[in-house]
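**Q** Sharing a structure here in structure tokens format.
There are 2 protein chains.
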Amino acid sequence: MSYYTYHIFFRNLANSLKIRIIAELKKGDKSVTQLVKNIETEQSKISHALASLRHCNLVLVKQKGKERIYSLNKKTILPILKIIDKHEKSFCKKCAYLKK
Amino acid sequence: MSYYTYHIFFRNLANSLKIRIIAELKKGDKSVTQLVKNIETEQSKISHALASLRHCNLVLVKQKGKERIYSLNKKTILPILKIIDKHEKSFCKKCAYLKK
DNA sequence: AAGACATATGAATAATATTTCATATGAGTT
DNA sequence: AACTCATATGAAATATTATTCATATGTCTT
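These protein sequences, in sequence, are chains A and B.
Letter by letter, the first sequence follows residues 8 to 107 of my numbering.
Letter by letter, the second sequence follows residues 8 to 107 of my numbering.
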């Protein structure tokens, strides 16, 4: 992949709601309604966030009756989060990006 | 680190100029002037971009005469880029985020 | 096929990030 | 100390992204 497209990937994750969704899906597959309840956020926000995560194949979806069950593509995101954790411990004891 | 702060890290990288800078620094340490020449971008844009990369400790800087030599914190960023490459190959044969 | 529930989508608005440009700072040179 | 080169910074203007809200779509139930 060209260097000039990585930022599109990062852009998709540069959003606290999507990170919360990822955290929820890490625990287990969930329907949109379950995500709405657990995250206590408006349904359309969740749906918009899921749409972009889906477009990058960071989440997968399957229909189950009226519901859509979302699952996390763990192979990509979990290793990245681990590297960030490590980065934080090594380099960001009092890092600016943790302040907000 | 709490889930709610990862997005700050991603936000810092969700920018094509920063990705270009990372690509340049991957090849070797460079001064701001060298980055300006190679990337063919205005100096203040480069400096603003470097400032936020610095704040997250994704780049390091040392003074050398009048110049400031930037280097990449390779431990964090390179493994992440590799995972994204792998993701692309596995999941994004015709992925939307590569289109732009 | 009409109604109810679950989810997605579009478009206007609001929020946030980037660009631009003028200027400040700081180190070396004369 | 004045000048020059290298880089950083601030603030206004601009561009991009997220939120909101109304509504559309799709599946199941009756």
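From the three backbone atoms N, C-alpha and C, an ideal C-beta is built for every residue, glycine too.
Only a predicted model underlies this, so the values are computations on that prediction, with no experimental measurement involved.
1) Give the secondary structure of A/GLU49 by DSSP, where H, G and I count as helix, E and B as strand, and everything else as coil.
2) Let me check understanding here. Comparing Cα to Cα, which of B/LEU79, B/GLU31, B/LYS33 and B/ASP92 lies closest to B/LEU60?
3) Sort out for me which residues DSSP pairs B/THR37 with in a bridge.
4) On the DSSP letters alone, give me the boundaries of the beta strand (DSSP E) that B/LEU67 sits inside.
5) Between B/VAL68 and the rest of its own chain, which residues show a CB-CB distance below 6 angstroms, the 5 nearest in sequence each way excluded?
6) Report yes or no: do three or more beta-carbon pairs, one from the segment 16-29 of chain A and one from the segment 44-61 of chain A, lie closer than 8 angstroms?
7) Buried or exposed for A/HIS94, please, with buried defined as at least 16 other CB atoms from any protein chain shown within 10 angstroms of its CB.
8) For B/ASN19, which of helix, strand or coil comes out of DSSP?
9) With 7 angstroms set as the bound, which would you pick, yes or no: does the beta-carbon of A/ILE76 sit closer than that to a beta-carbon of chain B?
10) So, using beta-carbon positions, are A/ILE91 and B/TYR13 closer together than 7 angstroms?
11) Compare the C-alpha of B/LYS37 against each of B/ALA21, B/ILE15, B/ARG18 and B/VAL66 and name the closest.
12) Given B/SER97, which residues of its chain have a CB within under 7 angstroms of its CB, disregarding the five upstream and five downstream residues?
13) Just to confirm, are B/LEU88 and A/PHE17 a CB contact at a threshold of 7 angstroms?
14) Determine the closest residue to A/SER23 out of A/LYS71, A/THR48, A/LYS44 and A/LYS34, with distance taken between C-alpha atoms.
15) Which bits of chain A does B/ILE87 rub up against, with CB to CB less than 7 angstroms?
16) Can you give me the Cβ contacts of B/GLN50 inside the same chain, cut-off strictly under 6 angstroms, excluding the 5 residues immediately before and after it?
17) Are any of the Cβ atoms in chain B nearer than 7 angstroms to that of A/THR83?
**A** According to the data block:
1) Of the three classes helix, strand and coil, the one that applies to A/GLU49 here is coil, per DSSP.
2) For B/LEU60, the closest C-alpha among the options B/LEU79, B/GLU31, B/LYS33 and B/ASP92 is that of B/LEU79.
3) One point to set straight first is that residue 37 of chain B is Lys, not Thr, in the sequence displayed. Answer by DSSP bridge pairing, in chain order: B/TYR77.
4) Segment 66-71, the beta strand (DSSP E) holding B/LEU67.
5) Taken in chain order, the residues that qualify are ARG75 and TYR77.
6) By the C-beta criterion, the segment 16-29 of chain A is judged to be in contact with the segment 44-61 of chain A, since at least 3 inter-stretch pairs fall below 8 angstroms.
7) When all chains shown are included, A/HIS94 counts as buried.
8) The answer is helix: DSSP assigns B/ASN19 an H, G or I state.
9) Cβ-Cβ to chain B under 7 angstroms: no for A/ILE76.
10) For A/ILE91 and B/TYR13, yes; Cβs fall inside 7 angstroms.
11) The alpha carbon of B/LYS37 has as its nearest neighbour, out of B/ALA21, B/ILE15, B/ARG18 and B/VAL66, the alpha carbon of B/VAL66.
12) Answer for B/SER97: no residue qualifies.
13) With respect to the 7 angstroms criterion, B/LEU88 and A/PHE17 are not classified as neighbours on the basis of their beta carbons.
14) Of A/LYS71, A/THR48, A/LYS44 and A/LYS34, the residue nearest in Cα terms is A/THR48.
15) Listed along chain A, the residues sitting closer than 7 angstroms to B/ILE87 by beta-carbon distance are ILE87 and ILE90.
16) Taken in chain order, the residues that qualify are VAL43.
17) Yes, A/THR83 counts as interfacial toward chain B.
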